[in-house]
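Trainee: In the order they appear, the protein sequences are chains S and Z.
Per our numbering, the first sequence runs over residues 926 to 1241.
Per our numbering, the second sequence runs over residues -1 to 528.
Cβ coordinates follow ideal geometry from the N, Cα and C atoms, glycine included.
Since we're looking at a predicted model, the values are computed, not measured.
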Amino acid sequence: MKLLKLVPENTNLDFMRWRNVALILSLIATVTSISYTVYRGLNLGVDFVGGQLIRVSFQQPINVEQLRAKVDSLHLGEASISEFGGPKTFQIRLPKPPGSAAAANSVATRVKIEVERDYPGAKIESVDTVSGKVSEELADNSAIAIALAMLGIALYIWFRFEWQFGVGALLTLAHDIAMTLGFFAFTRLQVDLNVVAAFLTIVGYSLNDTVVIYDRIREDLRKYRKMAILSLINLSLNETLARTVVTSLTVLIALGVLMLIGPEVIFGLAIAIFLGVLIGTYSSIYISAPVLIWLGVKPDSFLKTDEKEAAEAETA
Amino acid sequence: MLEFPRWKIWLIGIVVAIGALLSIPSLIAATPLAGSWPKWMPQYKINLGLDLAGGSHLLLEADSGDMQKQRLQSMEDSVATELRRDPRIDIGDISTAGGRLSFLVRDPSQVDAAVERLRTLTKPVALTGNRDWDVQVVDSTRVVLIPTQTGTIGAMKDAMSVARDVVRRRIDPGGTKEITVVTEGNNRILVEVPGVENPDELKKLIGQTARLEFKLVDLSANPQDVAQGHAPAGSEVLPMADGTSNIAVKRRVMVSGDQLTDAKQSFDQDGRPDIDITFNTAGARRFGRVTQENVGKPFAIILDDKVLSAPNINEPILGGRAQISGNFTVQTAHDLAVSLSSGKLPVKLNVIEERSIGPDLGTDSIHKGALASIVSVAAVVIFMLVTYGRFGFYANIALVVNAFLILGIMAMFNATLTLPGIAGFILTIGAAVDANVLINERIREEIRRGRRLLDAVETGYREAMRAIFDANVTHVISASIMAYFGSGPVRGFAVVLLIGVVTSVFTAVYFTRMLVALWLRRTRPRALHI
């Protein structure tokens, strides 16, 4: 059997030749992404802004305008209605009513009564009611968790490698998260708790490639002490290229399947991780690696610690 | 590379077998095969989260304002009772305004005696060295009691643990359902009830504090003042439950719901729903005495600061039994009876988050999730096979073993599988082979460099290990933070990722290494096809 080799043996691509072009492009993309997110805002779900989300499934496809008119006639505030996974399932989103969450639930009950009366066989699939207090906490906690995860991982990389590698990891993560945020701002996909879980996962998984490449750079730095840093990074990237491609593909295959045929409720989570892995693959080559050059990682700067270690090992 | 001691083979084999065994009850749980699993085998099962099983999730928060009010009120009662014991101490102008209890001691020479008696009412808070109330004297005659912060926190903690038990008893009087009632943080209770799709029922049960009190009606009060909300000293104005009017009642509690032993929904002579209550011995004695002393006068039945009814005492009630009537339906009478017999909530609870999931959505998610899992495993397996041949095959065996191990460990710890957890499972499948990709690519590389076969395999495993370790640590960091900050479904996702990291390193590194070593030893190949 002939084995599949997606990446030919002994590639010698000059990745770093394009590093400045790639940097400018990444920078533009990141800035655009962040400004767009700030300008347009994210489509935050009830988890983060409070309110109610009611998912209803109907027997037949229904007229959205008609449903909207019915919900509006209840005067519950500005309702938004959107299709959810198919023409027979909809989600009705209502702003949080003044007062306690208990009041909010009677709202859900009214919608439920109305819908079940007018559409025989309609079923309320789920109701989420989140008070302003809880949604604020969830939003804060999510932001803190993502920041902590980024910082924690950057610190770990610093501890395991060198400070330049930690900075590189942090910048890579910031880039990946910014791009994914921009995607969510652009597509208006709803950001809920699951999507935040996806962001945290991206923090772990998009760095996967970076860690592997860093590990190889460290190894090559020790092995080829006379090699110029540019060629050395190119060498490391080429050596790990096959692995980068194969692993990214397996993860993307698995997530692609989940996205296409998995449950609708976690579509946002699946697409976020899918995207994060894709972006992470790019950034591990064009952000993580060149950052090392700019931060002045050189074979001899590494040598000192190496030699120190070697000397210690000998005396010990 | 070739030496692979027999005990290691046995150890790995046993771990794999146990993992597979533990996962089977969860896998066949919803199939007709469930009954055929032998009883003597392990029965551990993975819990399904609410988002998969359907059910209601409520997050309750204690009303700290209500808490403060109640503490002040009960302190006021204790102070009045305690100082009455000493006839020389005459107090007046009691106020609970501004979150503090203050009163005037009419004879300045008795202030010290009063303060001395009050000290016995305050108590030290464990481990803090502070007392729960500060007693101060202002302007030489006014005594002020201020709740200390540690005291308030301590009281809240006590209240929450009582409230948790009360909530559980109300939702599940028989103690048979698989419900979750846990305190979260300082002042919250999380309630999860699988299978209950409509949380309104739950909220009705939890919504009532069910603080039942019997107080005498203050007949001396001027009806006009009462309508305006002013009551004579020693009395208070309360609204009727139907909201039509106000009524003045004595502050002093005759008997309270704490002294009930039982409450049942029943019907009165006219067939209207009411509640039969039974007092404990002390309560019955006290109720009997007060009713004896006040025949012909009305008393008020007060629930959560609203007067349900104010009947006349026609004759002394001595048997310790009474009926509470009000405008009840059978359902409201039943709910109140459950609430009364489960005890009052020490503090009012507000619902601050509420989620309910219908059973169909969950079933649909399970089916789609299972299908997606199978398809993605199949896709990854084929991809690995065409890419690495024999080594891909070994990685695939490891992958399947990994899937069983994750389920087995989850079952063993009785972990909860949530919808995002399924995504975590699939993600782990995709990422678990990364270790094998790293190893296999490294072996390819070493062979290209001209290393001898065994040496190349050995180096491949050794050199890849570092990157595998570091990559997995980053996953552990992000998943742990997720598990710490996340709630419900998200935590379920993090748990799967964490378990997956551990099992995938085991299967992808140690397990495949064993397979490769055994194969090399058996066949001694000249060349590797990788």
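Name, going along the chain, the residues of the segment 404 to 436 of chain Z whose beta-carbon falls closer than 7 Å to a beta-carbon of chain S.
Mentor: Leu417, Pro418, Ala421, Ile424, Leu425, Ile427, Gly428, Ala429, Val431, Asp432, Val435 and Leu436
Trainee: Return the residue from the list Ile404(Z), Glu444(Z), Asp468(Z) and Pro192(Z) that minimises the CA-CA distance to Gly360(Z).
Mentor: By one-based count along the second sequence, residue 360(Z) stands at place 362. Nearest C-alpha to Gly360(Z): Pro192(Z).
Trainee: Mind reading off the beta-carbon distance from Ala1033(S) to Gln977(S)? Whole number of angstroms is fine, and I expect it under 8 Å.
Mentor: Numbered from its first residue, the first sequence carries residue 1033(S) at position 108. Numbered from its first residue, the first sequence carries residue 977(S) at position 52. At roughly 6 Å, the Cβ-Cβ gap stays under 8 Å, so Ala1033(S) and Gln977(S) are in contact.
Trainee: Mind listing the chain S neighbours of Ala370(Z)? Cutoff is C-beta to C-beta under 7 Å, in chain order.
Mentor: Translated into the one-based positions of the second sequence, residue 370(Z) becomes position 372. Going along chain S in sequence order, the residues near Ala370(Z) (Cβ under 7 Å) are Val1182, Leu1183, Ile1186 and Gly1187.
Trainee: Take the Cβ of Val946(S) as the centre, count every other Cβ of all protein chains shown within 10 Å, and call the residue buried at 16 or more, exposed below.
Mentor: The count along the first sequence starts at 1 and reaches residue 946(S) at position 21. Exposed is the call here.
Trainee: Please determine, among Gly172(Z), Pro145(Z), Gly428(Z) and Ile475(Z), the residue with the shortest C-alpha to C-alpha distance to Val1202(S).
Mentor: As a first step, residue 1202(S) must be located in the first sequence, where it is residue number 277. Considering only alpha carbons, the answer is Gly428(Z).
Trainee: Tell me the rounded alpha-carbon separation between Arg1168(S) and Asn434(Z).
Mentor: Mapped onto the first sequence, residue 1168(S) falls at position 243. Mapped onto the second sequence, residue 434(Z) falls at position 436. Spanning the two alpha carbons is a distance of roughly 10 Å.
Trainee: How about Arg464(Z): is its C-beta nearer than 9 Å to some C-beta of chain S?
Mentor: For the purposes of this step, residue 464(Z) is identified with residue 466 of the second sequence, where counting begins at 1. Output row for Arg464(Z): interface = yes.
Trainee: Using a C-beta cutoff of 9 Å, does Thr510(Z) count as contacting chain S?
Mentor: By one-based count along the second sequence, residue 510(Z) stands at place 512. Taking Cβ atoms only, chain S never reaches closer than 9 Å to Thr510(Z), which makes this a no.
Trainee: Would you report the Cα separation of Leu1125(S) and Ile475(Z), rounded to the nearest angstrom?
Mentor: Numbered from its first residue, the first sequence carries residue 1125(S) at position 200. Numbered from its first residue, the second sequence carries residue 475(Z) at position 477. Just so you know, the alpha carbons of Leu1125(S) and Ile475(Z) end up roughly 10 Å apart.
Trainee: On the CB-based measure, 16 or more other CB atoms within 10 Å of its CB, does Ile187(Z) come out buried or exposed?
Mentor: As a first step, residue 187(Z) must be located in the second sequence, where it is residue number 189. Classification for Ile187(Z): buried.
Trainee: What residues in its chain sit with their C-beta under 6 Å from that of Ser1060(S), if we drop five residues either side in the sequence?
Mentor: As a first step, residue 1060(S) must be located in the first sequence, where it is residue number 135. Once the five neighbours on either side are set aside, the close Cβ partners of Ser1060(S) are Phe973, Val974 and Gly975.
Trainee: For Tyr1081(S), which residues in chain Z fall below 9 Å Cβ to Cβ?
Mentor: What you label residue 1081(S) is simply residue 156 of the first sequence in a count that begins at 1. Those are Asp468, Val471, Thr472 and Ile475, listed as they occur along chain Z.
Trainee: For Asp1053(S), list the residues DSSP reports as bridge partners.
Mentor: As a position in the first sequence, residue 1053(S) is number 128, starting the count at 1. Beta-bridge pairing links Asp1053(S) to Leu978(S) and Arg353(Z).
Trainee: List, from N- to C-terminal side, the beta strand (DSSP E) runs of 3 residues or more that fit wholly inside the segment 932 to 1001 of chain S.
Mentor: 976 to 982
Trainee: Where does the unbroken alpha helix (DSSP H) through Phe491(Z) begin, and where does it stop?
Mentor: Taking the second sequence and counting its residues from 1, one reaches residue 491(Z) at position 493. Its alpha helix (DSSP H) spans residues Gly486 to Val503.
Trainee: What are the boundary residues of the beta strand (DSSP E) that Val293(Z) is part of?
Mentor: Along the second sequence, one-based indexing puts residue 293(Z) at 295. Segment: none, Val293(Z) is in no beta strand (DSSP E) and carries neither H nor E.
Trainee: Once the 5 residues before and after Arg104(Z) are set aside, which same chain residues still bring their CB inside 8 Å of it?
Mentor: Here residue 104(Z) refers to the residue found at position 106 of the second sequence. Cβ neighbours of Arg104(Z) beyond the five flanking positions: Asp88, Ile89, Gly90 and Thr139.
Trainee: Between which residues of its own chain and Arg1113(S) is the CB-CB distance below 6 Å, once the five residues before and five after are set aside?
Mentor: As a position in the first sequence, residue 1113(S) is number 188, starting the count at 1. For Arg1113(S), where only same-chain residues beyond five positions count, the Cβ hits under 6 Å are Asn968.
Trainee: So, helix, strand or coil for Val194(Z), using DSSP?
Mentor: Walking along the second sequence from the start, residue 194(Z) turns up at place 196. Here Val194(Z) sits in coil by DSSP.
Trainee: Between Lys930(S) and chain Z, is there a C-beta pair that is closer than 9 Å?
Mentor: Here the question's residue 930(S) lines up with position 5 in the first sequence. With 9 Å as the cut-off, Lys930(S) counts as an interface residue toward chain Z.
Trainee: Along chain Z, which residues have their Cβ under 7 Å away from the Cβ of Arg1085(S)?
Mentor: Residue 1085(S) sits at position 160 when you count from the first residue of the first sequence. Going along chain Z in sequence order, the residues near Arg1085(S) (Cβ under 7 Å) are Asp468.
Trainee: Taking Gly1077(S) as the query, report the chain Z residues whose CB atoms sit under 7 Å from its CB, ordered along the chain.
Mentor: Locating residue 1077(S) in the first sequence gives position 152, where the first residue counts as 1. What Gly1077(S) touches in chain Z: Ile475 and Ile479.
Trainee: Could you give the first and the last residue of the continuous alpha helix (DSSP H) run that contains Lys6(Z)?
Mentor: As a position in the second sequence, residue 6(Z) is number 8, starting the count at 1. Arg4 to Leu25 is the extent of the alpha helix (DSSP H) around Lys6(Z).
Trainee: Using a Cβ-Cβ distance under 9 Å, would Lys1048(S) count as near chain Z?
Mentor: In the first sequence, residue 1048(S) corresponds to position 123, counting from 1. Cβ-Cβ to chain Z under 9 Å: yes for Lys1048(S).
Trainee: Taking 9 Å as the threshold (beta carbon to beta carbon), is Leu1194(S) in contact with chain A?
Mentor: Protein chains S and Z are contained in the structure displayed, whereas chain A is not.
Trainee: Taking only three categories from DSSP, how would you classify Leu1157(S)?
Mentor: Indexing the first sequence from 1 puts residue 1157(S) at position 232. If DSSP states are grouped into helix, strand and coil, Leu1157(S) belongs with the helices.
Trainee: Looking at the unbroken beta strand (DSSP E) that takes in Leu306(Z), where does it start and where does it end?
Mentor: Translated into positions along the second sequence, residue 306(Z) becomes position 308. Residues Lys304 to Ser307.
Trainee: Would you check if the distance between the CB atom of Val981(S) and the CB atom of Phe1015(S) is smaller than 9 Å?
Mentor: Counted from its first residue, the first sequence places residue 981(S) at position 56. Counted from its first residue, the first sequence places residue 1015(S) at position 90. Their beta carbons are under 9 Å apart, which means Val981(S) touches Phe1015(S) by this criterion.
Trainee: Buried or exposed: where does Leu516(Z) fall if 16 or more other Cβ atoms within 10 Å of its Cβ makes it buried?
Mentor: Position 518 of the second sequence, counted from the start, is the residue given in the question as residue 516(Z). Answer is exposed; the Cβ neighbour count stays below 16.
Trainee: Please give me, in chain order, every unbroken run of the beta strand (DSSP E) with length at least 3 that falls completely inside the segment 143 to 220 of chain Z.
Mentor: 178 to 182, 186 to 192 and 210 to 214
Trainee: Quick one: Cα of Gln1115(S) to Cα of Glu1189(S), how far?
Mentor: The sequence position of residue 1115(S) within the first sequence is 190, counting from 1. The sequence position of residue 1189(S) within the first sequence is 264, counting from 1. The alpha-carbon atoms of Gln1115(S) and Glu1189(S) are separated by roughly 12 Å.
Trainee: So, is the C-beta of Ser982(S) closer than 9 Å to a C-beta in chain Z?
Mentor: Counted from its first residue, the first sequence places residue 982(S) at position 57. Closer than 9 Å to some Cβ of chain Z, the Cβ of Ser982(S) qualifies, so yes.
Trainee: What does the alpha-carbon distance come out to for the pair Leu495(Z) and Glu439(Z)?
Mentor: By 1-based counting over the second sequence, the position of residue 495(Z) is 497. By 1-based counting over the second sequence, the position of residue 439(Z) is 441. Each residue's Cα considered, the two are about 25 Å apart.
Trainee: For Pro1101(S), return the contacting residues in chain Z, with the cut-off set at a CB-CB distance below 7 Å.
Mentor: Locating residue 1101(S) in the first sequence gives position 176, counting from the first residue. Before going further, note that residue 1101(S) is Asp rather than Pro in the sequence given. Here the premise fails: no neighbours, minimum Cβ distance about 12 Å.
Trainee: Determine the DSSP secondary structure at Thr120(Z), reduced to helix, strand or coil.
Mentor: As a first step, residue 120(Z) must be located in the second sequence, where it is residue number 122. Three-state result, Thr120(Z): coil.
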